[in-house]
Structures are given as structure tokens and as C-alpha cells.
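Chemist:
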Amino acid sequence: MYGNDFIDPDEPLNAAEFGDVDDAVAAAATTAAQRAEGGSSFEALLAADQRIEPRDEMPEAYRKTLIRQIAQHAHSEIIGMQPEGNWISRAPSLRRKAILMAKVQDEAGHGLYLYAAAETLGVDRAELLDLLHSGKQKYSSIFNYPTLTWADNGAIGWLVDGAAIMNQVPLCRCSYGPYARAMIRVCKEESFHQRQGFEILWTLSRGTAAQKDMAQDAANRWWWPALMMFGPPDTGDAATTGGHTAQSMAWGIKRFSNDDLRQKFVDMTVPQAAKLGLTLPDPDLRFNEETGHWDFGAIDWSELWRVLKGDGACNAERIERRVGAHHEGAWVREAANAYAARHDLGQQQEYVA
Ligand SMILES: [Fe+2]
Ligand SMILES: [Fe+2]
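Heads up, the sequence shown is in the working numbering, so the first residue is 6 and it goes up one at a time.
#1: Report all residues from its chain with a CB closer than 6 Å to the CB of A224; omit the five preceding and five following residues, and keep chain order.
#2: Taking 7 Å as the cut-off, does the CB of H115 come closer than this to any heavy atom belonging to ligand 1?
#3: Using a threshold of 7 Å, is the CB atom of E22 nearer than that to any non-hydrogen atom of ligand 2?
#4: When you get a sec, list the residues whose CB is within less than 5 Å of any heavy atom of ligand 2, chain order please.
#5: Between A156 and D222, what straight-line distance do the alpha-carbon atoms span, to the nearest angstrom?
#6: Applying the 10 Å Cβ sphere with the 16-neighbour rule, what's the burial state of M154?
#7: Taking just the CA atoms, how far does L117 sit from K69?
#8: Could you tell me whether the segment 250–259 touches the segment 278–293, using the rule of 3 or more Cβ pairs below 8 Å?
#9: Determine which residues share a DSSP beta bridge with N149 and list them.
#10: Please name the residue in A243, A279 and F301 whose C-alpha comes closest to that of R267.
#11: So F270 is in the alpha helix (DSSP H); what residue range does that whole segment cover?
#12: Assuming L51 and S180 are in contact, meaning their beta carbons sit under 8 Å apart, how far apart are those beta carbons, in whole angstroms?
#13: Could you check which residue in Q87, A20, S307 and Q354 has the C-alpha nearest to that of A321?
#14: Just mark M6 as buried or exposed, buried being the case when its beta carbon has 16 or more other beta carbons within 10 Å.
#15: Report whether the distance from the Cβ of E112 to the nearest heavy atom of ligand 1 is below 7 Å.
#16: Under a Cβ-count criterion, where at least 16 other Cβ atoms within 10 Å of its own Cβ denotes burial, should N342 be classed as buried or exposed?
#17: A76 and Q418 - do their beta-carbons sit closer together than 8 Å?
#18: Please classify W155: does DSSP put it in a helix, a strand, or coil?
#19: Name, in chain order, the residues that DSSP records as bridge partners for R291.
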């Protein structure tokens, strides 16, 4: 058995597989073709659902919001390498090691596309990394939870990558061109991540009693943090005031509210848990015939705030590791800069000659 034959490969298993990403690719081509007909103001481009490109004029607040969001996204990709990276040497077979290594490497690539997208807004990636290392910019709080067993790699792929895809598919149509284009490629790769996670749990839940328990335990620990990945609720006591949601929606950066995306994720994931033979740790989970959606229990928002503020199991460890990797990589950056400088010089000399 290799690949996706554990489940019908034509049956969508995550939000990137319902055709929205392909629709976004087609829409991008159409809008790009229309765009060539003439320049427009920021407002006119937004109104026409056109992409804003780096050469276009844009309000300073739009630029700053995007830098913050793209940087936080990039930071999450590279910090997100750690929880699974620490399992590469312990993955249970050569095949699992190869798959996990490819997955972790993809996350590094996602970080690169995103730092490059942020740089088109006039910021330097070194600056952004400094902000991450000094704690002035955040990454997704999900990566402050530990990966205790092999099954956690399955739960991360299935739930964490699954939730990330749900968030990222609408970003394929984000108003800022470089971010939208990066998201198209990211979503395609994330889809593979989600399937590999599902397959790990599928295999474990059909194994020995101990393996099944391990899968169940991982699902129990990752379910609620995955739901928190969509951010605080849009209404009610736990909603944050002064948030950027309304403005981000007006700017075409955000397309759906946090609660809408969370509900879509729950609706998609509950039947998958049943297929896996796993239960989700929520006694209030039940299908609501009237709304056609799965109702779920109250989320403990104090946990999200606690982990975000630095009190998760792994906050200190993740940053320490990141800063260490940055220092250890100094010689690579120096070498790359020296090579680039020599290459530039070579080109200049060629030009002179
Ligand atoms: Fe990623
Ligand atoms: Fe991923």
C-alpha cells in the first residue's frame, strides 16, 4: 500500500480538494488578463476584485496589515517545522521518515515563499526574523504544544494542517497578488500534509489496541487547539474588541469570519473522525438537523490567551531552538551573500566588457 488507497482518492479530504484552489487559479488568470487593459487606483482595483501588485499605490495601513499578517504566517511555517522535525529520527519506518522529512521541508519552503511575499512590501526578512526572535511578532500558538507520541504527527497533519488549509484556501483570492499566489502553491502542498496525517491515524487506528489508544490520545489532545487556530469568536463574551476583521474584509484580505471557517472545519472533520474510528473529545458534538451543521461545545478561550502570552508547554523551547538555528546558519547567510556579491560583480564586468 502506498499513497492514498486507504480512502477513495477522488473523495475530498480537506478544503484544498473541493475545487476552490483551482477556481482561484482560473480567476487569477482572468483578472490578470483584464488588468492589462489599464492602471487603476487602489479602490478601483479592490472594487473590481483585481489583485494589488507591489508596484501599485496602496494605503500605508493596508501595507502594514499585510506585512504583519504575512510575517506571522511565515513565522508559523518555520516554527511549525519543530514539533514534527523532532520525530524524523524516530519515525517508525524508512517510508515514514522520507514522508515526514518531505513534509517538514515543505514547511521551510512555505516560510520562504511568505518571507519573499512580505519583502515585496518593502520590508527585509532579517528584520522580520529579529521581530520573531525578540518575541515582538508571534507565530501560531498551536506550535507551542508538544508532540508526545508518533500519533501526534498524524493528528497534526489531519487536524492542524487541515485547519490551516481551511484558513488558507480563501487567501488564494486575497487582494494582494504575491500573497494570493504563494497561497495557491502552499494549499496544494498542505493538502498532501493533511492526507499523510490522516493516513498515519488510519493505520494506527487499525493496528493493535495500544496503537489505537495512541491515535485516540493524540486526537484528544489536538482537537481543541485545532479549533482555536481559527482565532477568537466573532461575537459573544470571548470576542476581541478593536480587531482587524472588518477592515481586513473590506480590503479583501480576509474573506470569511473566524466562526464561519471554524464551523466549516468541524463539519468536514467530524465525519472523518468517524471513518477513522476515533471519537472527538466533545460531549456536546451533535448534528443539528435544522441548521445542517455540527454543533460543538464551548471552547476554553482562556487557554488560547494563556498559550499566546507565552505560557504554553513549549513557547520558550521553540524560540530558543529557532534562535539557535539562526546563529548556526550565520555562515550560510554569509556565504550566500558573498556568492551573490561575486555574481553581481561578474555580471557588471561582463556588461563593461
Ligand atoms: Fe505549511
Ligand atoms: Fe503543512
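The beta carbon of each residue, even a glycine, is placed where N, CA and C say it ideally should be.
Modeler: Once the coordinates are examined:
#1: For the purposes of this step, residue 224 is identified with residue 219 of the sequence shown, where counting begins at 1. Taken in chain order, the residues that qualify are A160 and L283.
#2: Here the question's residue 115 lines up with position 110 in the sequence shown. Yes, Cβ of H115 sits closer than 7 Å to a heavy atom of ligand 1.
#3: Counting from one through the sequence shown, the residue named residue 22 turns up at place 17. No, Cβ of E22 sits at least 7 Å from all heavy atoms of ligand 2.
#4: D166, E195 and H198
#5: Counting from one through the sequence shown, the residue named residue 156 turns up at place 151. Counting from one through the sequence shown, the residue named residue 222 turns up at place 217. Computed Cα separation, rounded: 8 Å.
#6: The residue labelled residue 154 in the question sits at position 149 within the sequence shown. Per the sequence shown, residue 154 should be read as Thr rather than Met. Under this definition T154 is a buried residue.
#7: The sequence position of residue 69 within the sequence shown is 64, counting from 1. The sequence position of residue 117 within the sequence shown is 112, counting from 1. Straight-line Cα distance between these residues: approximately 19 Å.
#8: no
#9: To locate residue 149, count along the sequence shown from 1; it is residue 144. N149 is not bridged to any residue.
#10: Position 262 of the sequence shown, counted from the start, is the residue given in the question as residue 267. Out of A243, A279 and F301, F301 has the C-alpha closest to the C-alpha of R267.
#11: As a position in the sequence shown, residue 270 is number 265, starting the count at 1. Residues N263 to L281.
#12: In the sequence shown, the residue the question calls residue 51 occupies position 46. In the sequence shown, the residue the question calls residue 180 occupies position 175. Correct: roughly 6 Å between the Cβ atoms.
#13: Numbered from 1 along the sequence shown, position 316 holds the residue referred to as residue 321. Of the candidates Q87, A20, S307 and Q354, the one whose C-alpha sits nearest the C-alpha of A321 is Q87.
#14: On the sequence shown, residue 6 is found 1 positions in, with the first residue counted as 1. Note that M6 scores a pLDDT of 42, beneath 50, so its modelled location is shaky and nothing firm can be said.
#15: Counting from 1 along the sequence shown, the entry for residue 112 is found at position 107. Yes; taking the cut-off as 7 Å, the Cβ of E112 has a heavy atom of ligand 1 nearer than that.
#16: The residue given as residue 342 occupies position 337 in the sequence shown. By the neighbour-count rule (16 or more Cβ atoms within 10 Å), N342 is not buried but exposed.
#17: In the structure as shown, the chain begins at 6 and stops at 358. Residue 418 is therefore absent and cannot be evaluated.
#18: Mapped onto the sequence shown, residue 155 falls at position 150. Three-state DSSP puts W155 in coil, outside helix and strand.
#19: Residue 291 sits at position 286 when you count from the first residue of the sequence shown. Per DSSP, D300.
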